[in-house]
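Written below as structure tokens is the structure these notes are about.
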Ligand SMILES: [Zn+2]
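Numbering (the working numbering), first residue to last: 259 to 716.
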């Protein structure tokens, strides 16, 4: 039986417009979008009035660490995808630094299997580059297996297991890969090691957390990003620079994009909300890589989000247990969990600073879909899957315990102006009044397919 639904009078926000109107859904897909207009009555269709509410394509978070397999005491796909859903994220793409790391097809297939059993939202994975697996990744792409992973993650300078690509010859090879986006974690390991040694000599075991942005310094980010941008210009690479954290990198990206328009950049809400003033209050809870930097950096990143220099917002959801985050600096793991707060906090920041919500729709849905070739998702367009989020712009509540497994959030106690009220995945409503529901008794998440995009210039 056909399932028909009309969403009426919503403020529909896309990457380039905002208009009050109706949207209709049939059999899991958006079947019509009526900005400024009214969809006439439709036989057998249910209707929901969304007057005063914001309707956007569901969030696509292409930067999460769901810790499965290997660290499931911190998080797993079931727990974290539930949190994602409640935060308006309808699709996630998980990073490869699990145990074992996702650096070949068999580890990728294992994660796809796991997600097919337990994810509540649409799912996909990045594959990780190492000094030794680049030819193999290239083979996967030429065999047509590139639709099974989103992009190739390169840790340019931050040792995470064996995934550090630190040989220049290997880096050149990665940037020469055409056919998939190359994502970089960009910090120079040499600078960080030297800074850490200095801090250890000065403070011994008791390095204060406020030293974190001096240890994982802006110079480390700038040097590494400089190298990445140079390589991306040299090879015409589709480069996506992850979690940009400094004003200088924003400026470098603005310039580099003129030479290679396929260069894109991500930041996370953590860098738009926190600054180094917060280390005294939050200690290890604010420790992440790259480090949260200064107020000036925060302002530069907000401006870069406004003008489009920042293309996407990923949560960089990196859960650790509260007791792990309470450890002394050296043994305190880096990363903050935020998949449930990322979208509502971004909407809150935009609304409070007068940034048009079109920028949020672009950064959370349209750009991730375009960069990674996620077909038929990310847009409020006829024919797209009905992955939708409804936000009540005035329904915000104080953030309390999140549902993800580690059970804490750096945003605890913050009161955003808005809240995620409803979510549809593939046409099925799975969140109602801010809580889980399912009108058919189950959600129906799907594996994301990553279609070939324009992947290089020249
Ligand atoms: Zn990350």
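Even glycine gets a Cβ: it sits at the ideal position worked out from N, Cα and C.
All values derive from a computational prediction rather than experimental measurement.
For residue i, the three-state DSSP class (helix, strand or coil)
i: residue 269; result: strand
i: residue 545; result: coil
i: residue 537; result: helix
i: residue 650; result: strand
i: residue 706; result: coil
i: residue 690; result: strand
i: residue 680; result: strand
i: residue 527; result: helix
i: residue 569; result: coil
i: residue 416; result: Residue placement at residue 416 is poorly supported in this model, since its pLDDT is 48, which falls under 50; the coordinates are not used for a value here.
i: residue 626; result: helix
i: residue 498; result: strand
i: residue 407; result: coil
i: residue 669; result: coil
i: residue 445; result: coil
i: residue 323; result: coil
i: residue 483; result: helix
i: residue 532; result: coil
i: residue 508; result: helix
i: residue 637; result: coil
Residue from the options whose Cα sits closest to the Cα of residue i
i: residue 482; options: 545, 412 and 470; result: 412
i: residue 282; options: 682, 709, 694 and 380; result: 682
i: residue 324; options: 519, 407, 644 and 662; result: 662
i: residue 573; options: 344, 601, 397 and 688; result: 601
i: residue 395; options: 433, 377 and 380; result: 433
i: residue 297; options: 266, 309, 315 and 316; result: 266
i: residue 464; options: 477, 448, 349 and 542; result: 542
i: residue 706; options: 515, 659 and 318; result: 318
i: residue 677; options: 689, 402, 651 and 590; result: 651
i: residue 506; options: 446, 316, 570 and 476; result: 476
i: residue 585; options: 270, 310, 330 and 467; result: 467
i: residue 322; options: 493, 379 and 310; result: 379
i: residue 353; options: 521, 260, 290 and 441; result: 441
i: residue 671; options: 393, 447 and 540; result: 540
i: residue 320; options: 444, 375 and 622; result: 622
i: residue 391; options: 588, 625 and 428; result: 428
i: residue 704; options: 634, 489 and 309; result: 634
i: residue 455; options: 655, 290, 469 and 667; result: 469
Spatial neighbours of residue i in its chain, beta-carbon cut-off 8 Å, leaving aside the 5 residues before and after
i: residue 533; result: 550, 551, 552, 553, 555 and 556
i: residue 669; result: 531, 596, 599, 603 and 657
i: residue 472; result: 453 and 457
i: residue 294; result: 277, 278 and 279
i: residue 231; result: As displayed, the chain neither begins before 259 nor continues past 716, which places residue 231 out of reach and without an answer.
Residue i CB to nearest heavy atom of ligand 1 below 8 Å
i: residue 500; result: yes
i: residue 574; result: yes
i: residue 510; result: no
i: residue 578; result: no
i: residue 328; result: no
i: residue 593; result: yes
i: residue 414; result: no
i: residue 323; result: yes
i: residue 353; result: yes
i: residue 470; result: no
i: residue 384; result: no
i: residue 606; result: no
i: residue 436; result: no
i: residue 443; result: yes
Residues near residue i by beta carbon distance below 6 Å, same chain, minus five either side
i: residue 513; result: none
i: residue 408; result: 351, 382, 384, 630 and 708
i: residue 386; result: 354, 359, 360, 361, 411 and 421
i: residue 511; result: 523 and 567
i: residue 485; result: none
7 Å CB neighbourhood of residue i in its chain, flanking five on each side removed
i: residue 286; result: 643, 644, 684 and 685
i: residue 508; result: 502, 558, 559, 562 and 567
i: residue 437; result: 399, 404, 710 and 713
i: residue 664; result: 332, 333, 577, 578, 579, 580 and 595
i: residue 425; result: 389
i: residue 274; result: 616
i: residue 341; result: 597, 598, 660, 661 and 662
Residue i CB to nearest heavy atom of ligand 3 below 8 Å
i: residue 573; result: This structure lacks ligand 3; its bound ligands are ligand 1.
Minimum Cβ-Cβ distance from residue i to chain D less than 9 Å
i: residue 558; result: Of the protein chains in the structure, only one exists, and it is not chain D.
Count Cβ pairs between the region 520-528 and the region 498-505 that sit closer than 8 Å; are there 3 or more? Because the criterion of three Cβ pairs below 8 Å is met, the region 520-528 and the region 498-505 touch.
Is the region 638-656 in contact with the region 297-305, if contact means three or more CB pairs nearer than 8 Å? The way I'd put it, the region 638-656 doesn't touch the region 297-305; fewer than three beta-carbon pairs between them come closer than 8 Å.
Using a Cβ distance threshold of 8 Å, determine whether the region 687-706 contacts the region 605-615, with at least three qualifying pairs required. Touching, no, given that fewer than three Cβ pairs across the two stretches are closer than 8 Å.
At least 3 beta-carbon pairs within less than 8 Å: the region 336-343 vs the region 580-587: Taking a cut-off of 8 Å on C-beta distances, the region 336-343 does not touch the region 580-587, as fewer than three cross pairs fall below it.
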